[in-house]
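Inspection log for the structure reproduced underneath, given as structure tokens.
Protein chains: 2
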Amino acid sequence: MMLLRLNMRVALAALCAGALLIMLYWSRCGDLARRPIGSALSNSLVERSNDDFECVINGEYSVACRRDHDEVYLPFSFIRKYFEVYGKISSTDGVEKFEWSHSYSKIYHPKKKYDPRGTFTTFENYNVEVRDRVKCISGIDGVPVSTQWEPRGFFYPTQIAQFGLAHYSKNLTEPEPRVRIIDDGDKNLASWTVSKDATFTREYDNSLKANVVRFATTDQVGSQVWCKVNISQDFVLSLDLLLKPNSSMTVVLQNKDKKETVYLHYVTSMQLIHAQDEHIYYGIGVEYKWRRLTRDLIIDMQKGWALLDRPKRKSPRNKFRIWSVHLSGSGRAGGLRVSGSEHMAHFFAAARWLVAQQRARGGWPVPARRRVAPSVPDLRPGWHSAMSQGHGISVLARAYHRSGEAAYLRAARRALALLDVPGAAGGVKAMWMDRYVWYEEYPTKPPLFVLNGFIYTLLGLYDLHVIEGDNSASLAKKMFDDGMLSLKTLLPIFDTGSGSFYDLRHFTLGVSPNIARWDYHATHVNQLYLLAGLDPDPILINTAKRWEGYMQGKRAAHN
Amino acid sequence: MMLLRLNMRVALAALCAGALLIMLYWSRCGDLARRPIGSALSNSLVERSNDDFECVINGEYSVACRRDHDEVYLPFSFIRKYFEVYGKISSTDGVEKFEWSHSYSKIYHPKKKYDPRGTFTTFENYNVEVRDRVKCISGIDGVPVSTQWEPRGFFYPTQIAQFGLAHYSKNLTEPEPRVRIIDDGDKNLASWTVSKDATFTREYDNSLKANVVRFATTDQVGSQVWCKVNISQDFVLSLDLLLKPNSSMTVVLQNKDKKETVYLHYVTSMQLIHAQDEHIYYGIGVEYKWRRLTRDLIIDMQKGWALLDRPKRKSPRNKFRIWSVHLSGSGRAGGLRVSGSEHMAHFFAAARWLVAQQRARGGWPVPARRRVAPSVPDLRPGWHSAMSQGHGISVLARAYHRSGEAAYLRAARRALALLDVPGAAGGVKAMWMDRYVWYEEYPTKPPLFVLNGFIYTLLGLYDLHVIEGDNSASLAKKMFDDGMLSLKTLLPIFDTGSGSFYDLRHFTLGVSPNIARWDYHATHVNQLYLLAGLDPDPILINTAKRWEGYMQGKRAAHN
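Right under this line is the structure:
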């Protein structure tokens with residue numbers, strides 16, 4: 067088994083022209099290397115070596131080590147588990163070496179001061195919709211549906227806002243996408259195939275102020291209106307649709323290698339998603355109105371497959387092409403195009419969702435029950451999150467900035483209210499020792515003081531304050547200043563001396579501390595570097611630097 | 067060099083009948099094993115091995131490892147430094163193995179509930195006077211003199227109290243010592259040698275209510291009064307002395323192997339200690355009054371040698387004997403004896419010092435400047451320590467319990483006052499967020515919230531409360547309860563997830579956290595186990611257990 071792996075590695079290394087990284091399967095080695103004290107080192111499962119030298123770990127168990135004179139060598143399979151560090155053998159130009167990593171996360175040093183009109187922190191690196199906990203992108207709203215705490219799926223405002231912020235940020239950092247007009251009713255006209263019993267006409271639409279196609283098919287088999295698209299590489303299809311009941315638009319995708327065909331049906335229904343065999347259905351609503359549909363077809367296909375429990379495919383964007391678009395039932399369509407991306411359309415879908423779904427108190431209640439910590443009562447459906455409020459504000463402030471539409475600004479301002487309402491009263495505010503305000507990502511009782519969600523809320527406040535114009539009397543500014551005082555005061559308590567705490571549940575619940583895993587720790591560090599650009603208090607930059615050092619194995623000194 | 071060490075080890079192993087532990091000199095190996103990335107692995111200083119396999123640590127530097135198939139082996143010299151763990155090769159019955167230790171400290175699980183009449187925590191394991199930072203035991207007061215922050219030496223109340231508490235505890239845990247009466251003026255009479263011009267008589271002393279010897283020598287060379295003692299193994303000599311000016315008592319110690327002679331002179335002077343060649347002088351004061359001298363002669367000898375910069379000798383108690391006692395000048399002496407220990411005499415020396423030196427505010431000011439942390443103003447001579455006050459109270463409560471003398475109880479009660487005086491007003495009280503009281507071991511501004519010193523103060527309060535009788539209205543009880551509330555509230559903030567913080571300077575100063583080294587961490591754990599026996603709040607026992615686990619490499623979970 068081990069030999070086989072080695073041969074595979076050699077074979078792979080030989081195949082590869084450049085550098086090749088090969089992960090070793092340490093976990094299995096770890097199990098083998100660890101045995102109870104006193105058990106014979108010879109073991110039928112273990113490749114016995116005369117070089118084995120017994121190491122007794124804290125008087126508890128033994129590990130097979132090596133020895134050379136004064137030096138004792140410990141197996142990485144043991145070290146990896148004992149200290150939770152990372153390592154792999156890499157090969158460059160045929161020379162192999164072992165690469166030890168203290169953490170697996172990356173810090174993005176901001177190149178310039180954070181600007182609420184620009185990217186949101188490092189969200190240009192986020193890809194919300196590919197996450198497993200995103201069930202699909204809603205056909206009606208164009209925003210993600212979460213399964214994080216509720217397998218049936220629910221609208222999670224934090225996730226929707228992150229989807230919006232990621233696309234806003236990508237729009238600023240990615241190169242302009244290629245756009246291919248399929249049919250704009252004007253200069254670019256597709257060649258539509260119309261079956262005998264179907265009808266197809268072009269006409270001017272007053273509300274769109276553009277030429278559109280009007281179509282109708284019958285219930286007869288073979289009654290259809292369709293056009294060939296045959297586009298590879300780009301997969302974001304958009305069009306305007308006005309459909310009568312029981313009508314649909316279908317996109318046919320083909321696997322270039324395997325002659326596999328997938329049908330994505332966008333149908334007039336309220337059903338979120340449905341999949342059967344090669345057919346995947348998205349409801350786009352039943353109201354008879356123009357709607358612009360913008361769909362990442364690969365995402366739509368993958369989410370359908372996930373429903374069918376099919377494994378995720380690797381790089382489907384290289385293997386598929388958009389073969390054709392089909393219109394069924396009756397209605398009108400226009401502005402059909404395929405792009406590499408449509409980030410702003412996704413961003414504004416999120417912003418519109420936030421405006422439409424905001425409740426009277428300014429909140430976006432989370433409709434799923436959330437189990438936060440063992441000894442704390444669950445958050446019951448309808449709870450609010452300061453992170454949702456903050457992220458929502460960040461989306462809305464940017465939407466106002468880009469569109470100038472006052473509704474976005476009004477919604478952003480309304481979202482502030484719950485930040486001043488205690489958790490017990492349905493809001494998100496907690497107080498540290500009656501003195502320092504904390505905007506709670508999860509407003510449990512007792513509060514948890516989650517760090518990253520609090521800082522994201524602060525960024526929402528900052529965003530709104532700046533987008534409103536430099537009005538030092540604004541509520542957002544006051545809430546930001548109050549929160550920054552709390553942060554700068556309590557930040558040290560999140561320092562473990564070798565990492566950071568995710569929250570302060572050890573203080574509020576008296577339980578074991580909840581250490582932030584490296585990706586959350588990296589989030590903390592990225593957030594602190596960002597804030598250090600806004601506030602000169604040395605606690606921010608010093609903590610960011612120290613915490614970054616922890617990711618390379620540095621530790622605070624002991625006395 | 068390496069080979070030489072190995073041969074020495076083999077030789078030692080051969081010499082030894084039982085198990086033999088051999089520490090390897092890892093630090094040097096560590097320096098060799100660590101090199102910059104890209105430097106050739108062959109290096110004239112390094113024993114080159116064809117088995118070397120390059121490990122790149124966090125992309126920063128390289129370490130020479132070993133590899134066997136899928137497994138990579140890392141040198142302990144690297145691991146030791148990187149993670150600060152401990153290891154040694156041990157040999158049992160000729161079989162060597164490597165013993166890995168996560169920490170170097172030990173936890174004492176209390177067998178029964180803490181009782182202020184009993185041992186003080188685990189202090190029966192302390193030996194204050196052998197510490198390098200103890201200059202000597204004062205001949206006048208019988209208490210240690212510290213050089214910790216002031217090389218000339220000063221009376222450090224915390225150290226004096228610890229000296230008392232260690233001896234009180236040893237008195238309870240050690241077997242009854244052997245006592246050999248040299249001359250009690252009654253049944254046991256020494257045979258004194260008196261030179262021609264000297265005088266020697268026996269008489270009854272009214273104040274001592276015992277027979278004593280009266281002696282006088284002249285200035286002539288050879289004028290002397292002395293008796294042979296010739297005792298091995300036991301070295302605590304005590305006697306009553308009443309000396310006129312320029313008189314002295316000298317004890318002659320002899321090295322049985324080397325015919326080396328050491329003269330310990332106890333002279334009527336105010337000088338603390340003086341050493342020249344084989345002569346070591348301790349001033350015992352100039353007042354003409356009876357005083358009982360109780361001296362650990364080996365400690366007195368070693369402290370003299372330390373002044374002469376002679377290296378500490380190993381096990382001098384096996385190599386020396388008390389050869390003789392000499393009286394010079396004129397005065398009276400009685401009750402001469404040699405014991406294995408005189409713990410209660412040392413304990414009461416500390417208790418008497420505390421009563422005598424207590425100031426009007428109830429404090430024992432520390433006469434040395436104390437530099438606590440880089441960014442904090444020094445504590446200026448005359449500062450008070452809550453730990454001194456607490457330890458002092460623990461000594462005085464026990465002295466009252468053992469003696470019934472009210473002066474001890476009064477002094478203990480007076481010592482409470484400063485615990486309610488803020489640091490800025492010369493006291494030791496700090497407040498956490500204006501809400502939780504903390505008795506500061508080092509009352510800096512801003513406060514540091516040192517954990518172990520605070521808990522020791524709590525123990526002093528508990529001791530006094532119990533010794534006073536179960537008076538729930540007592541000030542000590544109230545102060546204890548207030549402090550316990552603070553402790554149980556703030557204890558989680560001292561949890562690093564893999565150890566504990568020594569103090570909260572990262573919070574109050576905004577600097578890097580000050581992690582407790584393992585012996586302080588073990589002190590925390592021992593203290594918490596003790597308190598868990600007094601208070602059923604689960605935070606105490608749960609924290610103690612979790613923190614004990616950290617010493618075996620366990621960690622709090624990450625999310």
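Chains A and B, in that order, give the protein sequences. For the first sequence, my numbering assigns the number 67 to the initial residue and increments by one for each residue that follows. For the second sequence, my numbering assigns the number 67 to the initial residue and increments by one for each residue that follows. From the three backbone atoms N, C-alpha and C, an ideal C-beta is built for every residue, glycine too.
Quiz item: Along chain B, in chain order, which residues have C-beta atoms closer than 7 Å to that of M499/A?
Solution: Here residue 499/A refers to the residue found at position 433 of the first sequence. Result: M499 and R501.
Quiz item: Exposed or buried, what is S169/B when buried is set at 16 or more other beta-carbons lying within 10 Å of its beta-carbon?
Solution: As a first step, residue 169/B is located in the second sequence; it is residue number 103 there, counting from the start. That one is buried.
Quiz item: For the candidate residues V532/B, R427/B, W584/B and S540/B, whose alpha-carbon lies nearest to that of K179/B?
Solution: To locate residue 179/B, count along the second sequence from 1; it is residue 113. Checked all of V532/B, R427/B, W584/B and S540/B; the closest Cα to K179/B is V532/B.
Self-check item: Local conformation of V503/B per DSSP, three classes
Solution: Taking the first residue of the second sequence as position 1, residue 503/B is located at position 437. Correct three-state label for V503/B: strand.
Quiz item: Checking contacts by CB at 9 Å: is H175/B closer than that to chain A?
Solution: Along the second sequence, read from residue 1 onward, the residue named residue 175/B stands at position 109. It does not: the Cβ of H175/B has no partner Cβ on chain A nearer than 9 Å.
Self-check item: Touching by the beta-carbon criterion (3+ pairs, under 8 Å), the region 452-472 of chain B and the region 517-527 of chain B
Solution: yes
Self-check item: Residues near D569/A in its chain [Cβ-Cβ closer than 8 Å; skip 5 each side]
Solution: Here residue 569/A refers to the residue found at position 503 when the first sequence is read from its first residue. Excluding residues up to 5 positions away in sequence, L514, F515, V516, L517 and N580 lie with their Cβ nearer than 8 Å to the Cβ of D569/A in the same chain.
Exercise. Name, going along the chain, the residues of the region 512-524 of chain A whose beta-carbon falls closer than 7 Å to a beta-carbon of chain B.
Key: none
Quiz prompt | Candidates E150/A, I145/A and R132/A, of which the one nearest H624/B by Cα | solution = As a position in the second sequence, residue 624/B is number 558, starting the count at 1. With distances taken between Cα atoms, H624/B lies closest to E150/A.
Quiz prompt | For C121/A and F389/B, believed in contact at Cβ under 8 Å, the rounded distance | solution = Within the second sequence, residue 389/B is the residue found at index 323, counting from 1. Within the first sequence, residue 121/A is the residue found at index 55, counting from 1. Correcting the residue identity first, residue 389/B is Trp in this sequence and not Phe. Not really, about 51 Å apart at Cβ, beyond 8 Å.
Self-check item: Within-9 Å CB hit, K163/A to chain B
Solution: Reading the first sequence from its first residue, position 97 is the one you call residue 163/A. So yes, K163/A belongs to the interface.
Quiz item: Rounded to the nearest angstrom, how far is the Cβ of R612/B from that of S578/A, given a contact under 8 Å?
Solution: Here residue 612/B is taken as the residue at index 546 of the second sequence, counted from 1. Here residue 578/A is taken as the residue at index 512 of the first sequence, counted from 1. Contact flag correct, Cβ pair sits at about 6 Å.
Practice problem: Following the continuous alpha helix (DSSP H) through V532/A, name the residue where it begins and the one where it ends. | Solution: The residue you call residue 532/A lines up with position 466 of the first sequence. Element bounds for V532/A: L517 to E534.
Exercise. Could you pull out every residue in the same chain whose Cβ sits closer than 7 Å to the Cβ of T224/A, ignoring the five residues on either side in sequence?
Key: Stepping through the first sequence from its first residue, residue 224/A is reached at position 158. Excluding residues within five positions, the ones whose Cβ falls inside 7 Å are S451, M453, S454 and H457.
Quiz item: Between the region 601-620 of chain A and chain B, which residues of the former have CB atoms less than 9 Å from a CB of the latter, in chain order?
Solution: Considering only beta carbons, the part of the region 601-620 of chain A lying closer than 9 Å to chain B consists of D603, P604, I605, N608, T609, R612, M617, Q618 and G619, in chain order.
Quiz item: Looking at C-beta atoms only, is the number of pairs between the region 242-257 of chain A and the region 200-218 of chain A that lie closer than 8 Å three or more?
Solution: no
Quiz item: Mind checking R425/A: buried by the 16 CB within 10 Å criterion, or exposed?
Solution: Your numbering for residue 425/A matches position 359 in the first sequence. R425/A should be labelled exposed.
Exercise. Provide the residue span of the beta strand (DSSP E) that contains K294/A, from first to last.
Key: As a working mapping, residue 294/A is identified with position 228 in the first sequence. Looking at the DSSP string, the run of the beta strand (DSSP E) that includes K294/A is V291 to S298.
Exercise. Along the beta strand (DSSP E) that carries Q342/A, what are the first and last residues, could you check?
Key: By one-based count along the first sequence, residue 342/A stands at place 276. That run of the beta strand (DSSP E) goes I339 to Q342.
Practice problem: With distances taken Cα to Cα, identify the nearest neighbour of S335/B among S128/B, S171/B, V161/B and G205/B. | Solution: The residue you call residue 335/B lines up with position 269 of the second sequence. Of S128/B, S171/B, V161/B and G205/B, the residue nearest in Cα terms is G205/B.
Quiz prompt | Under 9 Å (Cβ pairs) to chain A, residues found in the region 543-561 of chain B | solution = When CB distances to chain A are screened at a threshold of 9 Å, the residues of the region 543-561 of chain B falling below it are K554, T555, L556, L557, P558, I559 and D561, in chain order.
Practice problem: Measure from the C-beta of E507/A to each C-beta in chain B and report whether the shortest distance is under 9 Å. | Solution: Here residue 507/A refers to the residue found at position 441 when the first sequence is read from its first residue. Chain B, which has no Cβ nearer than 9 Å to the Cβ of E507/A, makes this no.
Quiz prompt | Simplified DSSP assignment, three categories, for F650/B | solution = Here chain B comprises residues numbered 67 to 625, so residue 650/B is not present and cannot be evaluated.
Practice problem: Could you check how far apart the C-beta atoms of Y502/B and T555/B are, in whole angstroms? I think they sit under 8 Å. | Solution: In the second sequence, counting from the first residue as 1, residue 502/B sits at position 436. In the second sequence, counting from the first residue as 1, residue 555/B sits at position 489. The Cβ separation is near 6 Å, so the contact holds.
Quiz prompt | Whole runs of the beta strand (DSSP E) within the region 184-253 of chain A, excluding any shorter than 3 residues | solution = 200-203, 210-212 and 245-249
Practice problem: Output yes if chain A places a C-beta closer than 9 Å to the C-beta of L90/B; else output no. | Solution: Residue mapping note: residue 90/B aligns to position 24 of the second sequence, counting from 1. Summary for L90/B: the model assigns pLDDT 35, below 50, so the residue's position carries little reliability; its value from the coordinates is reported in the next sentence. Yes, contact with chain A.
Quiz prompt | Straight-line Cα distance separating F144/B from V129/B | solution = Numbered from 1 along the second sequence, position 63 holds the residue referred to as residue 129/B. Numbered from 1 along the second sequence, position 78 holds the residue referred to as residue 144/B. Computed Cα separation, rounded: 7 Å.
Self-check item: Buried versus exposed, by CB contacts within 10 Å (16 or more), Y616/A
Solution: Taking the first residue of the first sequence as position 1, residue 616/A is located at position 550. Answer is buried; the Cβ neighbour count reaches 16.
Quiz item: What does N625/A reach in chain B if we use C-beta pairs closer than 9 Å?
Solution: Against the first sequence, residue 625/A aligns to sequence position 559. By Cβ distance, chain B contributes Y568, D569, N580, I581, A582, R583 and Y586.
Quiz item: Is any beta-carbon of chain A found at less than 9 Å from that of A15/B?
Solution: The structure shown does not extend to residue 15/B, since chain B spans only 67 to 625, so no value can be given for it.
Practice problem: Enumerate in chain order the residues of its own chain whose CB-to-CB distance from A85/B is below 6 Å, with the five nearest sequence positions on each side excluded. | Solution: Here residue 85/B refers to the residue found at position 19 of the second sequence. In this predicted model, A85/B has a pLDDT of only 34, less than 50, meaning its place in the structure is not dependable; the value taken from the coordinates is given anyway. Only T158 meet the Cβ criterion.
Quiz item: Rounded to the nearest angstrom, how far is the Cβ of A232/A from that of F189/A, given a contact under 8 Å?
Solution: The residue labelled residue 232/A in the question sits at position 166 within the first sequence. The residue labelled residue 189/A in the question sits at position 123 within the first sequence. Indeed they touch by this definition, with Cβ atoms about 5 Å apart.
Self-check item: Touching by the beta-carbon criterion (3+ pairs, under 8 Å), the region 324-332 of chain A and the region 271-279 of chain A
Solution: Under the three-pair Cβ rule at 8 Å, the region 324-332 of chain A does not count as touching the region 271-279 of chain A.
Self-check item: Endpoints, the beta strand (DSSP E) within which D362/B is located
Solution: Residue numbering aside, residue 362/B sits at position 296 when the second sequence is read from its first letter. Looking at the DSSP string, the run of the beta strand (DSSP E) that includes D362/B is R357 to D362.
Exercise. Determine the DSSP secondary structure at R132/B, reduced to helix, strand or coil.
Key: The sequence position of residue 132/B within the second sequence is 66, counting from 1. Residue state, collapsed to three classes: strand.
Quiz item: How many Å lie between T239/B and Y174/A at the Cα?
Solution: In the second sequence, residue 239/B corresponds to position 173, counting from 1. In the first sequence, residue 174/A corresponds to position 108, counting from 1. Their Cα atoms are separated by approximately 60 Å.
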